[in-house]
Amino acid sequence: MTASSRDARLATWIAEEQALRSQLAAPGTLSQAEVAAMAPMDFFDGIGRGDLPSPPINAVLGFTPVHWANGLFVFQGAPDPSHYNPLGSVHGGYIATLLDSCMGCAVHTQLKPGQGYTTADLRVSYIRALRSEAGPVRAEGRIIHVGRSTALAEGRLYDVDERLYAVASTTCLILDMNTARQSDDARVR
Numbered sequence: 001m002t003a004s005s006r007d008a009r010l011a012t013w014i015a016e017e018q019a020l021r022s023q024l025a026a027p028g029t030l031s032q033a034e035v036a037a038m039a040p041m042d043f044f045d046g047i048g049r050g051d052l053p054s055p056p057i058n059a060v061l062g063f064t065p066v067h068w069a070n071g072l073f074v075f076q077g078a079p080d081p082s083h084y085n086p087l088g089s090v091h092g093g094y095i096a097t098l099l100d101s102c103m104g105c106a107v108h109t110q111l112k113p114g115q116g117y118t119t120a121d122l123r124v125s126y127i128r129a130l131r132s133e134a135g136p137v138r139a140e141g142r143i144i145h146v147g148r149s150t151a152l153a154e155g156r157l158y159d160v161d162e163r164l165y166a167v168a169s170t171t172c173l174i175l176d177m178n179t180a181r182q183s184d185d186a187r188v189r
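Residue numbering for the sequence shown follows UniProt numbering, starting at 1 and increasing by one per position.
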C-alpha cells in the first residue's frame with residue numbers, strides 16, 4: 001500500500017467513524033421486550049440513526065459500530081494508554097471485547113424477532129501486541145453458521161494497513177426471548 005493510499009484509507013476510516021458517532025444517541029439500554037419485538041436490522045439501524053440508545057460498553061471502551069449487514073458487523077476503536085496492561089500494550093480484554101462484540105452482533109443480524117443470543121464459547125488467538133500508535137483498528141465479525149439453537153461466527157482485528165492483531169471464533173446459544181421473559185414474569189408474581 002502506498003503512503004497516499006494509506007492516508008486516504010485512514011481518512012476514510014476516521015470520517016466514517018465520526019459520521020456514525022455524531023448520530024449516536026446517549027448510552028442506554030432497552031428492555032428485553034422492546035428488543036425482542038424488533039427485527040435485528042431495524043434494531044441496529046435504529047442505533048446507527050440515533051433513534052435508539054447506543055450500547056453503554058461502546059462508550060466505556062471507546063468503540064463505534066461503523067458497518068453492519070446481514071451476517072456481518074464491524075466496530076472501530078482507537079486504543080489509547082487507558083486500555084494498556086502493565087507491560088505497555090493494549091490489554092487482551094479490550095481486544096477480546098471488540099471481537100466478542102462484532103461476532104455477537106453478526107449473529108444477532110441473522111436472528112428472528114423474538115430471538116436473542118448469548119456467548120457460550122469465545123476463542124481468541126493474539127497475533128501481535130497492539131499499541132495506541134496503531135491508530136484505529138477494526139473488529140470484523142462474520143457468520144459461519146446459524147442453526148436452530150446455536151450460531152458460529154469468526155472475527156478478526158486489524159489496522160488500516162491490514163496488519164492482523166488477533167483472530168477469534170465464537171459459539172453463541174440462540175435464545176427465545178419471549179420464553180425467557182415469561183419465566184421472569186412468572187417469578188415476579
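Where a beta carbon is used, it is the ideal one built from N, C-alpha and C, also for glycine. From a predicted model like this one, the values you see are computed outputs, not experimental measurements.
Alpha-carbon spacing of residue i relative to residue j, whole angstroms
i    : j    : result
D161 : I127 : 15 Å
G28  : P56  : 6 Å
S125 : P40  : 29 Å
Y165 : L173 : 27 Å
A69  : T109 : 7 Å
H145 : M38  : 22 Å
Same chain, Cβ closer than 6 Å to residue i, neighbours up to 5 away in sequence not counted
i    : result
L122 : D100, T170
R189 : Low confidence applies to R189: its pLDDT is 44, below 50, so where it sits in the model is not reliable, and the reading given next is rough at best. There are no such residues.
A134 : D159
V107 : Y117, A151, A153, C172
S149 : I174
C-beta atoms of residue i and residue j nearer than 8 Å
i    : j   : result
L130 : I95 : yes
R21  : T64 : yes
H83  : V90 : yes
L157 : L87 : no
Residue i - DSSP class collapsed to helix/strand/coil
i    : result
L72  : strand
G114 : coil
I143 : strand
L157 : strand
H91  : coil
L61  : helix
L10  : helix
Contact set for residue i: own chain, Cβ-Cβ below 7 Å, skip 5 residues either direction
i    : result
D176 : G114, Q115
D80  : S132
W13  : Q76, P136, V160
8 Å Cβ shell around residue i - same chain, five flanking residues per side excluded
i    : result
C102 : F73, V74, F75, A139, E140, G141, G155
R187 : A caution first: R187 carries a pLDDT of 43, below 50, which makes its placement in the model too unreliable to give a value.
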